[in-house]
Structures are given as structure tokens and as C-alpha cells.
Amino acid sequence: MSAPTSPPPESTEVDSKTVIGIAFGNTTSSIAYTTPDGKAEVIANEEGDRQIPSVLSYVGSEEYHGTQAKSHLVRNANNTVAYFRDFLGKSFADIDPTNSHNSAHPADIDGTPSFNLQQSDDETTTAVSVSEVARRHLVRLKDSASDFLGSKVTGCVITVPTDFSEAQREALIAAAKAAELEVLQIIHEPVAACLAYDARNNEVPTDKTILVVDLGGTRCDAAVVSSRGGMYTIIATAHDYELGGLQLDNVLVDHFSKEFLKKHKIDPRETPRSLARMKLEAEGTKRTLSLGTSATISIESLAGGYDFHSTVNRLRYELLSKKVFDQIVKLAENVVAKADLDLLDIDEVILSGGTSHTPKIASRLAQIFPESTPINAPATSATALNPSELSARGAAIQASLVAEFDHEDIEQSTHPAVTVAPHLAKSIGVCIDGAEQAFQTLLEAQTAVPARRTAQFIAPNGGDVVVRICEGVREIVVTKPEKKPSNGVKDEDEEDDSEEEEEEEEEDIKNRVFKVDRVIAEAGIKDVKKGAKIEVTVNVADDLSLNLAARVVGGQQTVRGSVEGPAKAE
Ligand code: ATP
Ligand code: MG
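Per the numbering used here, residue 2 is the first one in the sequence shown, and the count goes up by one each step.
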């Protein structure tokens, strides 16, 4: 990845279609572009940051942005705006100002959340609406990207959480427009994360069901996404607005504050400035603990004129954070249950957002899934992408895809008729007498219709063969595990988790199998040779009516049939 000072990609001419992807979070934002060979790259701003704090701060007539602005939370909190993204498009009565406690407070100006900021050299304050704050933030992001790319960025794809309302989307589009940025498309954060991973392989994505757990600063969101034929459908979502990196910062703030209190009889949490310093430093300590097994904190003159120096090891931090980790696991389990699925139905887990760097979170989530389920996070997969970059990368990929589309075409492709296409509720499969597996899946549940699939199956017995097209339901088969022989040797990791591991050994083994729920159609083929291949094609229309064709591969005879959709059948 290029350093911020490295030369930008070739063209320095003004390109009317310079587009980027933007991830705009409450805590940080990222900008990304797609290289000519189709790779998404996150852009560092002038300060060298790829995760740019979504913070603006004013000193006199000077505006600070990103990391510089964030450091102003200590001395200039009232003129520093942070954690504002979720206020966009909401009325003052509907916002939760909790996270603004240590920065500029939102004020109610004609029902709109606004901030009273001192933005000039005199002492006067002016009310700045959240839309205007968002505009200024987007201008800074756009300028950083334009500087890097050497051409004026004009369009973007922006990611939003799955619970963003229509009013919030409109407010975001308006703020971008005011920042002279055309929003080509708004996409959901979990879909962007899937796109980022799928684009990596440069292949047509395989059909799979993905759990995306997005762990941010102020909130955690989870989604079950079905990927069928390159189309992503969100089948369930869950949110927790009181769970995120800030909770983990607070675990360390409390831990260190108690230590300071014990030593000096002063609680640094009681003075806003000491608390702000502690929060900033504790966040750094927390990040260090994602890589190393211990981290230090060092704050000069923290409170009462005393300095503070301390160390914490990862094990202690993990113990103190157990409750937060438990809640994250619960959120993941909840969303799978909401999708009416079992954990075994999840083919892959993607951990997104900055907090996903935390090793214990990835390993705790890995524990609830079978060992074979890939958990894409830095701690559990050597090939994982940076979780902090997934949204921006996905948005950049989408931006390069839709950049050449006319506005109308984009609207067409995101029209509810397309995105809310009907889906198969159950899997459709083929049953052939004597085959080893009773039900062989042809179309997975959640496939958007219309859909067509062709596959070949072996007829083990030959003779007159009946091909049945069936709906299948998933069943979980539980078997007792065989006792593992113990070799008496333990490695270091095992010792830490020895209790959990012992419990795990007792656990039953679960497997996912399909059972025929209903036979939809039957086709008989005469005089089939033993072991011959039978090709079956199923076509499901958008009214869920079904066409079937079956033939022996290399043979002349094709048997066809059709079944009406449920609406007509009644
Ligand atoms: P939200 O909108 O939920 O506030 P966001 O999408 O803006 O969040 P992210 O950038 O995804 O925010 O996540 C920010 C959080 O990730 C912060 O709490 C930050 O401390 C945490 N974080 C970043 N890097 C690491 C790391 N290496 N280890 C642990 N936590 C990290
Ligand atoms: Mg986020």
C-alpha cells in the first residue's frame, strides 16, 4: 500500500469520473479507491491516517480534522464535535447524546441537533447543524482523496448501517451534495464487507451464508447475508448501541483509575480533563494489547500533579472485559437465530470494524462455530483483511462498478423490485432412488428468484429411474463425540483456557443434513443404464412456479414438467 507522500496513480488530469468509496463511522472514517487492475486500496490522509477520526475541532477560525481534532478532546472539548454520524437525519428528540458527554453537546435548534461552536477569533458561538458538520467532514475526506489521486473526486459510494432510515439516507446524500460529492449509491456496511472479501479472489463468489459482525467504537451490528449467484441479500440484522470499543476503553479507564485512586486518593474520572486524557491513552493501550501480550500507559501530571505509569497484561484485560465479550457473542448468536438458522448454517464469518482486531473476540466467536467454519479476523486467519478497512474497500469496489452507469441504471439496479426480489424459503433439491444422499441440493434456501440451475446426478441402480424435485428442510443431527486420548502434554495456550477446553470435550458433535419436506415434482426416465449420469435443470420463476427438465447425459430423451406457483395453485 502506498505511503501518503508517494506519487498518486498516473493521471493528473481532471477526470470527470473520479470516484471513491467512503466509510463514514461515528468513530472513524475511511476513504478508498480502486486501482486500474481492480484492487481496492485505502487512502491515507495528509497525516498518514487510514482510519481518520470522525472529529472536527475549532480553535479561533482554524478548523482541525481527524487525529488532530481528536487530541483536542482534552483541552478544547466544547469546540470539538465527535460521534455525530448517527444524529444525521434525526430530530433532536430522537437522538441519544450519551457519547457526546466529553465533547461538544448537541443543542436543540428548531428540532435539529446542532452544536454551539466558537469558530472565530472573538468569543461568540454559532449554532452549526449536524448536517453542516457532516458536510465539513465529507469535504475534508474528499479533499484528502483528491490530493492523493491527483484529480478532483466527484462521486462516491457511501456505506451505512443496515438500520439507517430513509430520512438519514436523504440527510447523508444532501450533506454530500453540499460538499460537492455526488452519492452514486449507498450500500449497507455488511454487504461492503462481503464485497471486499469476494473481490479479493477475483472469482465469481460461491453461494454461501455469511455472518458479518461489525464491531465499531460506539455500536456493534451483526447481519446474516446470503450470497447467491453474486447477489447479496440481508436476511437478518441485530444491533447493540451500547456495545463497542468505547466499552473496552472504559474497562481500562476504570482499571487504571482505581489503581491511581489507591495510590494517590484522587479519582481521575472526576475531573473532565483527567478523564479525557485517561480515555485517549487507554484506547492506545487497548490497541497495543491486540498485538502484544502486555502494554503500558504513561500520563504526565494526570491529576493532583501526579504522573501515572502502569502496565497491564492481555490476560488481565481479557478477564476484565469478559462481560463485553459475552455481549458480542450473544449478539452474533441472536442474529443467526433471528435469521431462523443454526450456527451450522453459517458458512463463513467476517469480522469487521476496528474492535475486531481484538484477538479474544475472534477466538470467542470461533468457539461457538465448528472448527471448519472460517472466521475472518486477524487473530483467527492469516489471510484476513484488515477489519478496519472492509467498509471503505467494499464501497470503492462498488463505486468503480457503478461509476460508468447512468443515474437511471443505478436506480434500476437498486429498485425495490430488484433488491426485494422474492426468495426461496426452502432449499430445492433432487432425490434419486438408491443415491447415497437422499437429498442433493440444487438451489439453496434464500436464493433470489427467478433462478435456474443445472446439475448432474448419478443413477446408481439404473432401470426406470424416478427423479424427484423436493423441498428440503435442514436438520441438525447430534452425535456423541469419541473420547480423545490424552497425551498429557499441554501447550501454553491450552493452560489458559484449560477449563473451557474441558467443557468443550463434553460437547456433542452437530451436523447439518437435509431431509425431504415435500415432493414438488416427479419425472420418470425409462431404461437408464446403471451408474449413468442424469442431468436435471430446474427453473423457478418469480411467481415461484417451477419448470423441470431431466435427461440422461448423452441420451435423446428429455422429460419435462412444470408446477404452478403457490399463489395460482390455491
Ligand atoms: P461506530 O460507528 O460504531 O462508532 P466506526 O465504524 O466509526 O464505529 P471503527 O473504526 O470500526 O468505528 O472502530 C473504532 C473502534 O475500534 C474504536 O473503539 C477503536 O479503539 C477500536 N480499534 C481500532 N483499532 C483497534 C485495535 N487494533 N485493537 C482494538 N481495538 C481497536
Ligand atoms: Mg462502524
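We put the CB at the ideal spot given by N, CA and C, even for glycine.
Look at V313 here: in three-state DSSP terms it is strand. With respect to T219, P191 sits apart: the two C-beta atoms are not nearer than 8 Å. Secondary-structure assignment with DSSP links P269 through no beta bridge to anything. Using a 10 angstroms sphere on the CB of K516, the tally of other CB atoms stays under 16, which defines it as exposed. The criterion of a C-beta distance shorter than 8 Å is not satisfied by L173 and V403.
Restricted to the segment 178-217, the beta strand (DSSP E) segments that are unbroken, complete and at least 3 residues in length are 183-189, 209-216, listed in chain order. Relative to the non-hydrogen atoms of the ligand MG, the Cβ of E260 never comes closer than 7 Å to any of them. DSSP places H102 outside both helix and strand once states are collapsed to three, so it counts as coil.
Around the beta carbon of R453, a 10 Å sphere encloses fewer than 16 other beta carbons of the protein chains shown; the residue is thus reported as exposed. Listed as beta-bridge partners of Q457 by DSSP are E536.
Between G217 and G355, the CB-CB gap stays under 8 Å. When DSSP reads this structure, R513 sits in a beta bridge with I477. By the neighbour-count definition (other C-beta atoms within 10 Å, threshold 16), E476 is an exposed residue.
Counting only the Cα atoms, I347 lies some 17 Å from L425. In the three-state scheme derived from DSSP, where H, G and I count as helix and E and B as strand, Y318 is classed as helix. Membership of G22 in the beta strand (DSSP E) is indicated by the continuous run 20-25. Per the DSSP secondary-structure output, T113 pairs in a beta bridge with I110.
Between the C-alpha atoms of T538 and V466 there is a straight-line separation of about 16 Å. The nearest non-hydrogen atom of the ligand MG is 7 Å or more from the C-beta of E243. V554 sits exposed, since fewer than 16 C-beta atoms from the chains shown fall within 10 Å of its C-beta.
Shortest gap from the CB of D164 to any heavy atom of the ligand MG: 7 Å or more.
For K287, the secondary structure class from DSSP, reduced to helix, strand or coil, is helix. A straight-line Cα-Cα distance of about 15 Å links T559 and R469. In this chain, the alpha helix (DSSP H) harbouring E334 covers 323-339. Between V313 and S295, the CB-CB gap stays under 8 Å. For F88, the CB contacts under 8 Å within the same chain, skipping 5 residues up- and downstream, are I96, P107, P114, V131 in chain order. Close CB contacts of P360 within its chain, under the 6 Å cut and outside five residues either way in sequence, are with A380 (chain order). Remark: the C-beta of G39 is outside contact range of the ligand ATP, defined as less than 7 Å to any heavy atom.
Where A33 is concerned, the enclosing beta strand (DSSP E) starts and stops at 29-35.
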